[in-house]
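Worksheet: one structure, shown below.
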Amino acid sequence: AKARGRQRVEVHDPRTDDGAADRLRLLGELRRGIPDGQLRLHHQPQVRVHDGRISGVEALVRWQHPVRGLLPPSEFIDLAEQSGLVRELGAWVLDAAVEQAARWARDPECATVEVAVNLSTRQLTDPGLVDAVTGALARHRLAAHLLVLEVTETALAVDPDAAAATLATLKDLGVGVSVDDFGTGYASLTYLQRFPVDELKIDRSFVTGLGVNASDTAIVQACVQLARAVGVRTVAEGVETEEQRRLLAEMGCDVVQGYLFSRPVEAAAFQEWARAR
Ligand code: C2E
Ligand code: CA
Ligand code: CA
Ligand code: CA
């Protein structure tokens with residue numbers, strides 16, 4: 296997991312370096328915990344730069360472990376991905392996020408809130424993905440354009456031809472596609488040409504260095520310019536300071552997301568936050 300990108304290195308938590316037996320136990324607990332209803336979604340607002348309005352939220356999974364408390368994804372996502380359990384986890388997240396998005400779509404104060412869902416590598420390469428997405432949209436009667444799927448460069452690289460076909464189908468449905476952790480993988484430039492994507496998410500590791508580190512600043516600037524040139528929206532994640540927001544606005548970034556606005560919170564807390572704005 297360490298080699299997968301700058302973000303992974305930063306969020307790596309030594310507590311996940313348990314022995315194999317501990318990991319196996321945790322995996323068993325997660326396998327039972329999913330049908331038991333122990334997963335939760337938190338939502339982090341995404342704010343449009345030009346008018347400060349909410350464009351959407353990113354849905355981020357948590358595990359309410361009966362003993363260990365509320366666990367962040369760094370404690371269990373890699374385990375789920377390695378074991379294949381991420382299929383069940385991903386299916387739960389997709390359904391729960393679409394259900395929540397449909398609830399907001401019926402609420403006049405939140406009606407245009409798009410919900411972004413993170414897809415694991417296994418989900419993107421699963422031939423059943425399109426059916427799972429159309430199934431969730433139909434079940435909860437959500438308009439496709441209110442759903443955004445975040446995929447990583449790494450996931451796209453596993454089988455680029457199959458991924459391109461999947462993304463084309465999703466685009467035809469009206470679902471948005473975002474390239475997550477942009478800049479941390481390889482071949483970013485050719486990917487934009489090859490895959491029908493609507494959005495680039497500039498990784499937090501670059502946003503953190505904005506205005507402080509010359510090469511991070513140059514990378515963010517280049518990503519924004521590149522995206523604009525090909526008509527793709529840019530979202531900057533991990534925006535923590537007003538100075539970062541200001542620089543991103545100057546560069547022409549479209550949407551910002553980060554602790555400067557809100558941490559990921561439960562649905563009710565997000566609604567309160569949205570009303571108070
Ligand atoms: P990500 O997709 O890059 O999500 C952004 C992470 O950065 C989130 O961590 C979010 O809480 C955190 N973050 C947001 N704003 C700030 C900020 O201003 N400062 C700092 N320091 N951090 C910020 P989280 O929720 O712990 O998720 C970590 C990773 O776990 C995600 O990275 C994503 O790769 C994965 N993940 C989360 N939910 C899901 C899911 O439902 N399915 C899958 N497959 N992966 C998920
Ligand atoms: Ca994401
Ligand atoms: Ca991201
Ligand atoms: Ca990231």
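Start counting the sequence shown at 296; every next residue gets the next number (full-length UniProt numbering).
We put the CB at the ideal spot given by N, CA and C, even for glycine.
Residue from the options with nearest C-alpha to residue i
i	options	result
ARG489	SER415, VAL474, ASP549	VAL474
GLY506	VAL534, VAL492, GLY480, ASP346	VAL534
THR464	ALA439, LEU487, VAL453	ALA439
ALA524	GLN395, ASP493, GLU538	ASP493
VAL530	LEU441, GLU538, CYS518, GLU537	CYS518
LEU365	TRP387, ARG343, LEU325, ALA396	LEU325
ARG387	LEU355, VAL408, ASP402	A small correction: the amino acid at residue 387 is Trp; Arg does not occupy that position in the sequence shown. Ranking the options by Cα distance to TRP387, first place goes to LEU355.
ARG540	LEU419, ARG318, GLY347	GLY347
GLY553	MET546, ALA316, GLU537, GLU567	GLU537
LEU444	GLN418, PRO422, ASP454	GLN418
SER415	PRO361, GLY547, VAL453, LEU542	VAL453
GLN520	GLU394, GLY504, ILE497	ILE497
ARG499	GLY471, GLU532, HIS360, PRO491	GLU532
MET546	PRO340, THR512, TRP399, GLU376	THR512
GLY478	ARG436, ALA522, GLN333, VAL472	ALA522
ILE349	ALA509, ALA459, VAL410	VAL410
GLN566	GLU404, ALA375, THR449	GLU404
GLU561	ARG318, VAL344, ALA315, GLN359	GLN359
ILE372	VAL352, VAL344, ILE329	ILE329
Outcome for residue i when other beta-carbon atoms lying within 10 angstroms are tallied against a minimum of 16
i	result
ARG572	exposed
ARG434	exposed
TYR486	buried
ASP456	exposed
ALA298	Any reading at ALA298 must be qualified, since the residue scores a pLDDT of 44, below 50, and its modelled position is unreliable; the value itself is stated next. That one is exposed.
GLY480	buried
THR461	buried
Segment limits, beta strand (DSSP E) that includes residue i
i	result
ALA411	409 to 413
ARG528	528 to 531
Bounding residues of the alpha helix (DSSP H) (the contiguous stretch that carries residue i)
i	result
PHE565	562 to 571
ARG541	537 to 546
Contact belief for residue i with residue j at Cβ below 8 Å, rounded distance in angstroms
i	j	result
THR447	ASP476	5 Å
ARG327	ARG357	17 Å between Cβ atoms; not a contact.
VAL342	VAL550	7 Å
ALA427	VAL412	About 11 Å separates the two Cβ atoms, so there is no contact after all.
LEU442	ALA396	6 Å
SER369	LEU322	15 Å between Cβ atoms; not a contact.
GLN339	ARG570	Not confirmed; about 17 Å, so no contact.
CB contact below 8 Å: residue i versus chain B
i	result
ALA564	Among the chains in the structure shown there is no chain B, since it carries only a single protein chain.
Residue i beta carbon near ligand 6 (any heavy atom closer than 7 Å)
i	result
ASP511	Among the ligands in the structure shown, ligand 6 does not appear; only ligand 1, ligand 2, ligand 3 and ligand 4 can be found there.
In chain order, each beta strand (DSSP E) run of at least 3 residues that lies wholly inside the stretch 478 to 511: 494 to 497
For the stretch 416 to 465, list the alpha helix (DSSP H) runs that are entirely contained and at least 4 residues long, ordered along the chain. 416 to 419, 424 to 435, 448 to 453
Curious, which full-length alpha helix (DSSP H) runs of at least 4 residues does the stretch 301 to 385 contain? 301 to 306, 315 to 328, 372 to 378
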